[in-house]
Amino acid sequence: MTRKDIMNTKKIYGPFTQLIPMNGLPLHGPIKDDQLEIISSGGMVVENGCVLEIGVYSELEKSYSDTQKKINDTKNLVALPAFVDCHTHICWGGNRINDYALRVAGKTYLEIAAAGGGISDTVKHTRFASQDNLVELILKRVHAHIQRGISTIEIKSGYGLNLEDELKMLRAIKEANERTPATLIPTFLGAHIKPKDFDGNHAGYLEFLLEEVVPVVVEENLASRADIFVEEGAFGIEESRIYAKQLKLKGFDVTMHVDQFHPGGSRLAIEEGCVSADHLEFTDDESCALFRKSNTVAVALPGASLGLGMQFTPCRKLLDNNACLAIATDWNPGSGPMGDLITQAAILGASEKLTITETLAAITYRAAHALRIEAGILRKDRPAAFTIFETNDFRDIFYQQGQLKPVATVIKEECFEF
Ligand code: NIG
Ligand code: FE
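Mapping of the sequence shown onto the working numbering: residues 83 to 500, in sequence order.
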C-alpha cells in the first residue's frame, strides 16, 4: 500500500495493554511515577496523521464502528509517543576507531584532539564525502533510530568548518529530511572548533561564520538553530557570549555544548537565554541552582559519558533544582558512537536515581521543549507519532536496559514494523 492510499482513512490503533500519552505532566522538576496517566486496554483514533481521540479501545470501537482497525491481535502491547533525540551529530564521514583505541589505552579526549585526532579527523573525512554520500549516511542512521522508536531527531553540522562544507552538511540534512517521515531538525554548529586551516584566531573564525556562512544559512533556510562548543580547546566564554548575542539578533535559537570537562559554560547558556545547555557532566552545585529559574533545558548526554568513560551529568540534582531535564544520545563518531537512546537513558536513570516517568519525560516532551517544538506527546489534533513495544508493563522498556526493542513505530501514517 502506498502512503497516499493509507492517508485520509480513519483508523483505530489498539487495543494496547497500556497506552501512555505523556499528557498533563510538568515541564520542569521532579515527577513521581503515580503522576503518569496509563490507559489500560487503550486505543487511539488517527486521521490524516493526527490524533482524533484517545481512550479505552472498546469504547472507541463503538463510537467509530465504521472505522478501519489497525492492530487487533491478542498480544500484550504498550504504546507511547515516539521518542525525541534532541542532540545528535549523525551527519559525518569516516570513523574514529583509532581515537577509541587510544582512549581506552589511557589518553584523554582533549589530549587526542590536541594531537590532531578528535573532531579534526572527522572534519577531514566529512569534507571528503559528497552531499549524496552524507544523505545516505544520515538516512541509514535515521532508520536505525526509527527502529529504536525515535521519530524526531536533531542533527548538527560542525564537521565542515568552512563555507562550502558546512553548507554541504546542512543541505544534506535538508535533503534527508525530505526523504524520511521522521522529523529532522538541523542545527548550525560551525562553531564546533576552529579548524586547523583557518588563518586567524578564534574570534576571527566566529566573525567569519557570522559574516560569510550564517547569511547563506538564513537565505537558504537551512537552520534556525545554532550551537557552539564552549570548552578548553574549543571556544572561550566571552567570545561565545558575543557570538550567541549576534545569532539571537539574527533570529536563531541558540544552544550550547557546555561543562563537558570544566564548569562555567552552563552559566553563560542560562544568562544568554539559550534554549538548551547540553552535556553538563562537570556542572557544579552553583550552576545547577541557576536552572531553578531558567527555561534553558538541561540536556544530559549519557552516550558521551559512556563513550569517554566519564562521569554522568548530575541529573537528580538538576531535577531537584527544578530544571527541565532532557536526555539525548549525542550520537557522533568520537565521544558517542553508540546512539542507543533507551539503553543510555536506562543506565543514566539507574545511576542517577530518576523515576521511570522522569526518564520517559526526558526523551519525549521535555526533549521536544529543548527544540522548542511540540512532540513526544499524544493528544488530540496533534501528530500521531508513536512506538509500540511487546510487553504488558511500560516499565519493562527501561528494566531491560535497551534489550526490549519496539515492534513498530508509526510516523505520519507510515507504519514501520520490526
Ligand atoms: O558533543 N563535545 C563536542 N562535540 C561532540 C563530540 C564530537 C566529536 O568528538 O566528534 C560532543 O561530544
Ligand atoms: Fe554533541
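Heads up, the beta-carbon is just placed ideally off N, CA and C, and yes, glycines get one too.
Note that this is a predicted model, so its numbers are computed, not measured.
* Does the stretch 390-409 touch the stretch 430-438, meaning 3 or more C-beta pairs lie closer than 8 Å? -> Remark: three or more beta-carbon pairs, one from each stretch, lie closer than 8 Å, so the stretch 430-438 and the stretch 390-409 are flagged as touching.
* **Any non-hydrogen atom of the ligand FE within 7 Å of ASN130 CB** => Not so, every heavy atom of the ligand FE lies at least 7 Å from the Cβ.
* Taking only the alpha-carbon atoms, compute the straight-line gap between VAL299 and GLU257 and give it to the nearest angstrom. => Taking the CA atoms as reference points, VAL299 sits about 14 Å from GLU257.
* Asked: PHE468 to GLU236, Cα distance in whole Å?
  -> Distance from the CA atom of PHE468 to the CA atom of GLU236, rounded to whole angstroms, is 18 Å.
* Buried or exposed: where does ASP309 fall if 16 or more other Cβ atoms within 10 Å of its Cβ makes it buried? -> The Cβ neighbour count for ASP309, taken over all protein chains shown within 10 Å, is at least 16; the residue is labelled buried.
* Can you have a look at ASP115 and say buried or exposed, based on whether 16 or more other CB atoms are within 10 angstroms of its CB? => Result: exposed.
* ASN283 beta carbon near the ligand FE (any heavy atom closer than 7 Å) -> No, Cβ of ASN283 sits at least 7 Å from all heavy atoms of the ligand FE.
* Starting from HIS361, follow the beta strand (DSSP E) in both directions and report where the run begins and ends. => Element bounds for HIS361: 358-361.
* To do: Report yes if the C-beta distance between PRO163 and THR446 is below 8 Å; otherwise report no.
  => Yes, the pair counts as a contact, with Cβ atoms nearer than the cut-off.
* Asked: Beta carbon of PHE311: closer than 7 Å to some heavy atom of the ligand NIG?
  -> Yes, since a heavy atom of the ligand NIG falls inside the 7 Å radius drawn around the Cβ of PHE311.
* Using the Cα positions of MET83 and LYS151, report the straight-line distance between them to the nearest angstrom. => Any reading at MET83 must be qualified, since the residue scores a pLDDT of 38, below 50, and its modelled position is unreliable; the value itself is stated next. Cα-Cα distance, rounded: 16 Å.
* When the Cα atoms are used, what is the spatial distance from GLY421 to ILE179? -> Cα-Cα distance, rounded: 15 Å.
* Taking 7 Å as the cut-off, is the CB of ASN414 close to at least one heavy atom of the ligand FE? -> Yes, Cβ of ASN414 sits closer than 7 Å to a heavy atom of the ligand FE.
* Examine the ligand MN and report whether any of its heavy atoms sits within less than 7 Å of the Cβ of HIS344. => Ligands present in the displayed structure are limited to the ligand NIG and the ligand FE, and the ligand MN is not among them.
* Report the residue from GLU472, ALA466, GLU294 whose alpha carbon sits nearest the alpha carbon of ILE493. => Closest by alpha carbon: ALA466.
* To do: State the start and end residues of the unbroken beta strand (DSSP E) segment that holds VAL501.
  => This structure cannot speak to residue 501, because the chain is shown only from 83 to 500.
* Where does CYS168 fall in DSSP's three states? -> Note: CYS168 maps to coil in three-state DSSP.
* Residues that PRO268 bridges to, as DSSP identifies them -> Paired residue(s): ILE237.
* Asked: Just curious, the beta strand (DSSP E) that ILE455 is in, first and last residue?
  -> According to the DSSP assignment, ILE455 belongs to no beta strand (DSSP E), since it is labelled neither H nor E.
* Would you say TYR241 and SER417 are within 8 Å of each other, going by their C-beta atoms? -> Cβ distance not < 8 Å, so TYR241 and SER417 don't count as in contact.
* Asked: Can you tell which of GLY385, PRO103, SER233, ARG185 has the C-alpha that lies nearest to the C-alpha of VAL138?
  -> When GLY385, PRO103, SER233, ARG185 are compared, the shortest CA-CA separation from VAL138 is found for PRO103.
* Asked: How big is the Cα-Cα spacing for LEU442 and TYR182?
  -> Between LEU442 and TYR182, the C-alpha separation is close to 30 Å.
* What's the C-alpha gap between PHE165 and GLU496? -> Their backbone Cα atoms lie some 16 Å apart in a straight line.
* To do: Taking 8 Å as the cut-off, decide whether the C-beta atoms of LEU362 and VAL379 are in contact.
  => Here LEU362 is not near VAL379, since their CB atoms are 8 Å or more apart.
* Might you give, ordered along the chain, the residues of its own chain that have their beta carbon closer than 6 Å to the beta carbon of GLY333, omitting 5 neighbours on each side? => None.
* Asked: Can HIS110 be considered in contact with the ligand FE, in the sense that its beta carbon sits closer than 7 Å to one or more heavy atoms?
  -> Remark: the C-beta of HIS110 is outside contact range of the ligand FE, defined as less than 7 Å to any heavy atom.
* Asked: Using the beta-carbon count (16 or more within 10 Å), is LYS86 buried or exposed?
  -> Because LYS86 sits at a pLDDT of 45, beneath the cut-off of 50, its placement in the model cannot be relied upon, and the following sentence gives the value as read from the coordinates. Its Cβ having fewer than 16 others within 10 Å, LYS86 is exposed.
* To do: Could you tell me the boundaries of the alpha helix (DSSP H) in which GLU440 lies?
  => Run containing GLU440: 438-444, per the alpha helix (DSSP H) assignment.
* **Identity of the residues DSSP links to THR337 by a beta bridge** => Bridge partners of THR337: ASP309, SER358.
* So, helix, strand or coil for CYS497, using DSSP? -> Reduced to three states, the DSSP call for CYS497 is strand.
* With a CB to CB cut of under 6 Å and the five nearest residues on each side skipped, what residues in its chain are close to ILE352? -> The residues are LEU372, SER376, THR378.
* DSSP beta-bridge partners of PHE480 -> Partner(s): none; PHE480 has no beta bridge.
* To do: Please work out which residues of its chain come closer than 8 Å, Cβ to Cβ, to ALA195, disregarding the five sequence neighbours upstream and downstream, and give them in chain order.
  => Within the same chain, and ignoring the five residues on either side of ALA195 in sequence, the residues whose Cβ sits closer than 8 Å to its Cβ are ILE201, SER202, ILE275, GLY315.
* Close-in-space but distant-in-sequence residues of the same chain around PHE311 (CB under 7 Å, 5 per side omitted) -> So the qualifying residues of the chain are ALA273, HIS274, ILE275, PHE317, HIS339.
* Alpha carbon to alpha carbon, how far is GLY286 from LEU292? -> Looking at the two C-alpha atoms, the distance is approximately 10 Å.
* Which residues in the same chain as GLY199 place their Cβ atom closer than 8 Å to its Cβ, once the five residues preceding and following it in sequence are excluded? -> The beta carbon of GLY199 is closer than 8 Å to those of ARG178, ASN180, ASP181, LEU184 in its chain, skipping five residues each way along the sequence.
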